[in-house]
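Peer 1: This is the structure I want to talk about, given as structure tokens.
There are 2 protein chains.
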Amino acid sequence: MPDPVHFYFDFSSPYSYFAAQKIDWTVKGCGRECVWKPFLLGALFKITGSQPLSTIPMKGEYCIHDWQRMAKMMDVPWTLPDPFPIPTQAAARAFYWISDDDPALAKKFALAAFGAYFGEGRDITAPETVAELAAPLGIDENALLAAVADDAIKQRLKDETAAAIDAGVFGAPFFIVDGEAFWGNDRLWMIKRWIKGQAA
Amino acid sequence: MPDPVHFYFDFSSPYSYFAAQKIDWTVKGCGRECVWKPFLLGALFKITGSQPLSTIPMKGEYCIHDWQRMAKMMDVPWTLPDPFPIPTQAAARAFYWISDDDPALAKKFALAAFGAYFGEGRDITAPETVAELAAPLGIDENALLAAVADDAIKQRLKDETAAAIDAGVFGAPFFIVDGEAFWGNDRLWMIKRWIKGQAA
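Chains as they are written, first to last, in this note's numbering: chain W, 1 to 200; chain F, 1001 to 1200.
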């Protein structure tokens, strides 16, 4: 079995939301699994000096329109959330806590969190909100709340963020396949062609 | 006849080189013509405070690899030129001078200039080089050299660059269709879908 594709994302990244809808399906068609790796884009931006897209003159206004257009073309729900962007520690910690037991369930949780934030515009900063979104998936709310407050899971997210940066991740969404890096939701077609080229 | 698509580019922009190979063909399939509009990305960057991609830490190294990979996947020649980026006044002025008489010939010239720079890695800064590249297309070298040194054509390029910025262009390649803006070589599929959606 070839190595899985690594999908790096932040729960507050619109283009990550779009990529999350398709990445598993995209790479499965090429015989690969996908491992999802939420990280903190804010921690990365502190190092690279980057700014959130929506705050950059001209580019910010363009992107706000592009997200709406992309959602329409992909036929996925879209609301520009307010506040945006948000701290995503609670969602990302919850993801790793769920994932250690059940990676498939963690992806379902991630899609629920993304859907609440970018589909409905619901602020998912608070651990209580994250727990509420996990509950319909059969995840115990109190256990989740205890887990995301735990030092071990806090350190885990810091380590995952550091590992992403060490691996060369400089934005989100970001994908690494056998050491080959791809940046952006626009690169899904290229990931597919690259994997098929390796297999040929 | 609906309005043409406007294609804004700089002769020193790799993703513009890639877009130039396909844009006419892409929009013709949707019943549109395309007007090519070279401008000076450096003048724009002075206003927006942006940096050339290749000079940005991490992102720069990634892009250098991405250009090579993109060229391979698109099956177009690729050399990372040195020097890069370069001033493209001569090529852009020549383009408008040719285009005023014959827009189709100007596109052929643009593809020749792009091909020399990014296909062969030949420095196209000097007016003499630009004139040499135009000669095989039946364009008089001395007339071109006189034209690109003329104040009127210098002003023309300044005006075109100012008009691009006024139209909201903040990078290259950039496309505007009926006032709808699209940024990047990655947006060709979306331009196609957008035009088809308008026609439906």
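The beta-carbon is built from N, C-alpha and C at its ideal position, and this holds for glycine as well.
Out of His6/W, Met58/W, Asp150/W, Cys63/W, point me to the one whose CA is closest to Phe1170/F's CA.
Peer 2: As a first step, residue 1170/F must be located in the second sequence, where it is residue number 170. Phe1170/F has its Cα closest to that of Met58/W, out of His6/W, Met58/W, Asp150/W, Cys63/W.
Peer 1: Using three-state DSSP, classify Glu1033/F as helix, strand or coil.
Peer 2: By 1-based counting over the second sequence, the position of residue 1033/F is 33. The answer is coil: DSSP assigns Glu1033/F none of H, G, I, E or B.
Peer 1: Which bits of chain W does Ala1181/F rub up against, with CB to CB less than 8 Å?
Peer 2: The residue given as residue 1181/F occupies position 181 in the second sequence. In chain order: Tyr62, His65.
Peer 1: Using only the alpha-carbon positions, how far apart do Gly31/W and Trp194/W sit?
Peer 2: Sequence index remark: in the first sequence, residue 31/W carries index 31 (1-based). Sequence index remark: in the first sequence, residue 194/W carries index 194 (1-based). Cα to Cα, Gly31/W sits roughly 12 Å from Trp194/W.
Peer 1: What residues in the stretch 35-48 of chain W have a beta carbon less than 8 Å from any beta carbon of chain F?
Peer 2: Hits within the stretch, in order: Thr48.
Peer 1: How far does the beta strand (DSSP E) with Phe1182/F in it reach, from first residue to last?
Peer 2: For the purposes of this step, residue 1182/F is taken as the residue at position 182 of the second sequence. From DSSP, the beta strand (DSSP E) with Phe1182/F extends over 1180-1183.
Peer 1: Any beta carbon of chain F sitting closer than 7 Å to that of Asp75/W?
Peer 2: On the first sequence, residue 75/W is found 75 positions in, with the first residue counted as 1. It does not: the Cβ of Asp75/W has no partner Cβ on chain F nearer than 7 Å.
Peer 1: Starting from Lys1059/F, find everything on chain W with Cβ-Cβ shorter than 7 Å and list it in chain order.
Peer 2: Stepping through the second sequence from its first residue, residue 1059/F is reached at position 59. The contacting residues are Phe170.
Peer 1: Leaving out the 5 sequence neighbours to the left and right, which residues in its chain are closer than 8 Å to Thr1048/F when beta-carbon positions are compared?
Peer 2: By one-based count along the second sequence, residue 1048/F stands at place 48. If we look at Thr1048/F and ignore the five residues flanking it on each side, its Cβ neighbours are Phe1170.
Peer 1: Report the neighbours of Arg193/W on chain F: residues whose CB is nearer than 7 Å to its CB, in chain order.
Peer 2: Translated into the one-based positions of the first sequence, residue 193/W becomes position 193. Within 7 Å Cβ-Cβ: Met1073.
Peer 1: Helix or strand or just coil, what does DSSP make of Phe1009/F?
Peer 2: On the second sequence, residue 1009/F is found 9 positions in, with the first residue counted as 1. Phe1009/F: strand per DSSP, three-state reduction.
Peer 1: Spatial neighbours of Ala3/W within its chain, please: C-beta separation below 7 Å, excluding the five flanking residues on both sides.
Peer 2: Residue mapping note: residue 3/W aligns to position 3 of the first sequence, counting from 1. Before going on, a small fix: residue 3/W reads as Asp here, not Ala. Cβ within range, chain order: Asp178.
Peer 1: Based on DSSP bridge pairs, tell me the residues matched to Ile1289/F.
Peer 2: As shown, chain F starts at 1001 and ends at 1200. That puts residue 1289/F outside it, with no answer to give.
Peer 1: Taking only runs that begin and end inside the stretch 1045-1078 of chain F, name each unbroken alpha helix (DSSP H) of 4 or more residues, in chain order.
Peer 2: Complete alpha helix (DSSP H) runs here, min 4: 1059-1074.
Peer 1: Just how far apart, CA to CA, sit Asp123/W and Leu1041/F?
Peer 2: The residue you call residue 123/W lines up with position 123 of the first sequence. The residue you call residue 1041/F lines up with position 41 of the second sequence. Going by the C-alpha atoms only, they are around 38 Å apart.
Peer 1: Does the pairing of the stretch 1097-1104 of chain F with the stretch 1058-1071 of chain F give three or more beta-carbon distances under 8 Å?
Peer 2: These segments do not touch.
Peer 1: Please compile the residues from chain W whose C-beta is within a distance smaller than 7 Å of the C-beta of Asp1178/F.
Peer 2: Walking along the second sequence from the start, residue 1178/F turns up at place 178. Residues of chain W passing the Cβ test: none, with the nearest at roughly 14 Å.
Peer 1: Residue range of the alpha helix (DSSP H) that Ile86/W falls in?
Peer 2: Translated into positions along the first sequence, residue 86/W becomes position 86. Where Ile86/W is concerned, there is no enclosing alpha helix (DSSP H), given that its DSSP letter is neither H nor E.
Peer 1: Which bits of chain W does Asp1123/F rub up against, with CB to CB less than 7 Å?
Peer 2: The residue given as residue 1123/F occupies position 123 in the second sequence. Within 7 Å Cβ-Cβ: nothing; Asp1123/F doesn't reach chain W, min ~29 Å.
Peer 1: Taking the DSSP output, what are the residues bridged to Pro1038/F?
Peer 2: Against the second sequence, residue 1038/F aligns to sequence position 38. Note: Pro1038/F sits in a beta bridge opposite Phe1009/F.
Peer 1: Between the Cα of Asp1024/F and those of Lys1108/F, Ala1149/F, Met1073/F, Ala1116/F, spot the shortest distance and give me the residue it belongs to.
Peer 2: Numbered from its first residue, the second sequence carries residue 1024/F at position 24. Among Lys1108/F, Ala1149/F, Met1073/F, Ala1116/F, the Cα nearest to that of Asp1024/F is on Lys1108/F.
Peer 1: As an exercise, report each continuous beta strand (DSSP E) stretch of at least 3 residues that is fully enclosed by the stretch 110-182 of chain W, in chain order.
Peer 2: With a minimum length of 3 residues, the continuous beta strand (DSSP E) runs that stay inside the stretch 110-182 of chain W are 174-177.
Peer 1: Indicate whether at least one CB of chain F lies closer than 7 Å to the CB of Asp186/W.
Peer 2: Sequence index remark: in the first sequence, residue 186/W carries index 186 (1-based). By this cut-off, Asp186/W is an interface position.
Peer 1: Check Leu1080/F in the structure and name its three-state DSSP category.
Peer 2: Along the second sequence, one-based indexing puts residue 1080/F at 80. Looking at Leu1080/F - three-state DSSP - the assignment turns out to be coil, as it is neither helix nor strand.
Peer 1: Quick one: residues in its chain with C-beta nearer than 7 Å to the C-beta of Lys1154/F, no 5 flanking neighbours on either side, listed in chain order?
Peer 2: Along the second sequence, read from residue 1 onward, the residue named residue 1154/F stands at position 154. Cβ within range, chain order: Arg1093.
Peer 1: Are the stretch 49-56 of chain W and the stretch 1006-1020 of chain F touching, with three or more C-beta to C-beta distances below 8 Å?
Peer 2: At 8 Å Cβ cutoff, the stretches do not touch.
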